[in-house]
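Only one structure is covered here, and it is reproduced in the block below.
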Amino acid sequence: MMLLVGCLAAAPTDNEALALFRDKVLARAPGATTHMDGRHSTRIGAALSMAGQRRLDHTATLVAKVVEDGVPGHFLETGVFRGGMSFVAAKTFELLGARAEGRRVYLADSFSGLPNLQQYVPASTSSGAARGHKLDGQERQAHHIALLNRNSLQAVQASAVRLQLDTSRLRFLPGYFNETLPRLIAEEGATLQLAVLRLDGDAFASTLEAIELLYPYLSPGGFLVIDDYVDWKSCREAIDLYRQRHGIKEPLTLIPHQEGEIVRGAYWRKQPREGQELCVSSGDSRSLRISGGIFPTKLVPVAQANEPIPRKKHGVSIDYIQGLRRPGDQLLHMCIPA
Numbered sequence: 010m011m012l013l014v015g016c017l018a019a020a021p022t023d024n025e026a027l028a029l030f031r032d033k034v035l036a037r038a039p040g041a042t043t044h045m046d047g048r049h050s051t052r053i054g055a056a057l058s059m060a061g062q063r064r065l066d067h068t069a070t071l072v073a074k075v076v077e078d079g080v081p082g083h084f085l086e087t088g089v090f091r092g093g094m095s096f097v098a099a100k101t102f103e104l105l106g107a108r109a110e111g112r113r114v115y116l117a118d119s120f121s122g123l124p125n126l127q128q129y130v131p132a133s134t135s136s137g138a139a140r141g142h143k144l145d146g147q148e149r150q151a152h153h154i155a156l157l158n159r160n161s162l163q164a165v166q167a168s169a170v171r172l173q174l175d176t177s178r179l180r181f182l183p184g185y186f187n188e189t190l191p192r193l194i195a196e197e198g199a200t201l202q203l204a205v206l207r208l209d210g211d212a213f214a215s216t217l218e219a220i221e222l223l224y225p226y227l228s229p230g231g232f233l234v235i236d237d238y239v240d241w242k243s244c245r246e247a248i249d250l251y252r253q254r255h256g257i258k259e260p261l262t263l264i265p266h267q268e269g270e271i272v273r274g275a276y277w278r279k280q281p282r283e284g285q286e287l288c289v290s291s292g293d294s295r296s297l298r299i300s301g302g303i304f305p306t307k308l309v310p311v312a313q314a315n316e317p318i319p320r321k322k323h324g325v326s327i328d329y330i331q332g333l334r335r336p337g338d339q340l341l342h343m344c345i346p347a
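Per our numbering: the sequence shown = residues 10 to 347.
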């Protein structure tokens with residue numbers, strides 16, 4: 010018996026368990042290094058996310074951080090595809106145990122692809138700016154993205170069960186945002202609190218109406234994440250417009266990637282209190298931090314005011330926005346090792 014016990018593998022730590030779960034979401038072997046930065050988003054096989062490891066790890070880090078810091082509220086993602094990103098958030102809450110009791114994960118998606126944006130009418134409760142937007146070529150073709158169209162609510166729910174998630178924590182919001190988001194607000198009203206709001210609606214209208222409707226419910230100290238900020242020009246325009254209109258000056262920061270990777274995604278922390286990290290550190294022994302994650306802690310501008318953004322910065326490729334110039338009060342930042 011003693012020999013048998015000695016041969017048993019030790020149970021994984023919570024950090025390791027979270028990494029194993031992320032690898033299941035990516036449909037890869039434990040510890041594999043495929044799908045790191047999401048550059049092969051249309052060739053993902055059975056993976057439940059197109060985002061790649063860096064953005065999945067980042068979500069896990071932010072979710073753990075808001076719980077550690079006592080920021081009240083839930084996780085909500087607008088545009089969930091097969092559910093992988095939201096599932097990682099739910100697993101993070103689960104591993105945090107009693108500290109995250111009562112925190113929900115909202116999954117808002119049509120579960121059948123993007124609408125035809127030439128016919129889409131944004132929510133009447135949004136500002137109206139989206140209705141005057143001139144579509145670019147990327148937006149006009151968005152409803153033809155086959156990978157997004159081959160999806161269903163039932164398939165996403167089945168994946169949650171297969172991954173043995175606590176499905177009572179999940180709340181699905183099927184339909185287009187112009188209907189589901191106003192309905193959510195009408196149902197929950199002032200009781201709706203968000204600690205992490207993640208926007209992945211790709212286009213101008215779906216990005217702008219989501220942030221207009223939901224950002225007021227994001228708690229101070231919470232995180233706003235924009236998945237498509239770097240590689241969808243229309244998404245970037247929507248976010249920049251909202252920040253300008255509302256005088257938002259919190260540092261807009263690229264999601265951390267490593268040398269040789271292509272950066273995607275950006276975020277900021279809403280009205281952080283003194284001591285609340287903008288670049289989340291690895292914490293201490295009590296902190297839940299996904300194994301294999303990266304935690305650079307020094308915040309630096311990608312380029313100075315009105316200077317062109319370089320193709321690379323600290324070894325990380327920023328190809329999608331190379332040459333972009335930013336005003337001094339809206340600089341783009343990144344986190345690098347201290």
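Ideal placement from N, C-alpha and C gives every residue a C-beta, glycine not left out.
Can you check whether the CB of Asn160 is closer than 9 Å to the CB of Pro90?
-> Before going further, note that residue 90 is Phe rather than Pro in the sequence given. In contact: Phe90 and Asn160 (Cβ atoms closer than 9 Å).
Count the other CB atoms within 10 Å of the CB of Thr189; is the residue buried (16 or more) or exposed (fewer)?
-> buried
Please classify Arg31: is it buried, with 16 or more other beta-carbons within 10 angstroms of its beta-carbon, or exposed?
-> buried
Have a look at Val309 and Gln163 and give me their C-alpha separation to the nearest angstrom.
-> 43 Å
Coarse secondary structure for Thr200, derived from DSSP in three states = helix
Per-residue burial, Gly88 [other beta carbons within 10 Å of its own, 16 or more giving buried] | buried
Please say whether Pro305 and Ala5 have beta carbons closer to each other than 9 Å?
-> In the structure displayed, the chain extends from 10 to 347; residue 5 sits before or after that span and is not available.
Opposite Pro310 in the DSSP bridges: which residues?
-> His342
First and last residue of the alpha helix (DSSP H) that includes Glu77?
-> 62-77
Which runs of the beta strand (DSSP E) fall wholly inside the segment 209-242 and span at least 3 residues, in chain order?
-> 227-235
C-alpha distance - Val239 paired with Leu85, whole-angstrom precision | 21 Å
Those residues which DSSP pairs with Pro183 across a bridge = Asp118
DSSP state of Ser300 mapped onto helix, strand, coil | coil
How many angstroms separate the CA atom of Gly111 from the CA atom of Leu287?
-> 25 Å
Using three-state DSSP, classify Ile271 as helix, strand or coil.
-> strand
Can you tell me whether DSSP reads Leu250 as helix, strand or coil?
-> helix
For Glu6, three-class secondary structure by DSSP = Absent from the structure is residue 6, since the part of the chain shown begins at 10 and ends at 347.
DSSP three-state call for Ser177: helix, strand or coil?
-> helix
Would DSSP call Tyr276 helix, strand or coil?
-> strand
Please list, in chain order, all residues of the same chain as Leu144 whose beta carbon is under 6 Å from its beta carbon, the five residues on each side excluded.
-> Leu126
Glu221, buried or exposed, once every other Cβ within 10 Å from all chains shown has been counted against 16 | buried
What is the DSSP secondary structure of Leu172, reduced to helix, strand or coil?
-> coil
For Val72 and Thr262, the rounded distance between their alpha carbons = 17 Å
Within 9 Å (strictly less), CB to CB, does Glu259 reach chain B?
-> Looking at the structure shown, chain B is missing, and only one protein chain is on hand.
Check His142 in the structure and name its three-state DSSP category.
-> coil
Of all the options Ala36, Thr42, Val170, which has the alpha carbon lying nearest to the alpha carbon of Gly302?
-> Thr42
Alpha carbon to alpha carbon, what distance is there between Gly292 and Ala28?
-> 17 Å
Quick one: grab the DSSP three-state call for Ala347.
-> coil
Under three-state DSSP, which class holds Glu188?
-> helix
Whole-Å CB distance - Leu208 paired with Thr216, under 8 Å assumed = 6 Å
Bounding residues of the alpha helix (DSSP H) (the contiguous stretch that carries Glu25) | 23-34
Ser121 versus Pro183, Lys100, Ala69, Arg113, residue with shortest Cα-Cα distance | Pro183
Given that a residue counts as buried once 16 or more other Cβ atoms are within 10 Å of its Cβ, and exposed if not, what is Pro319?
-> exposed
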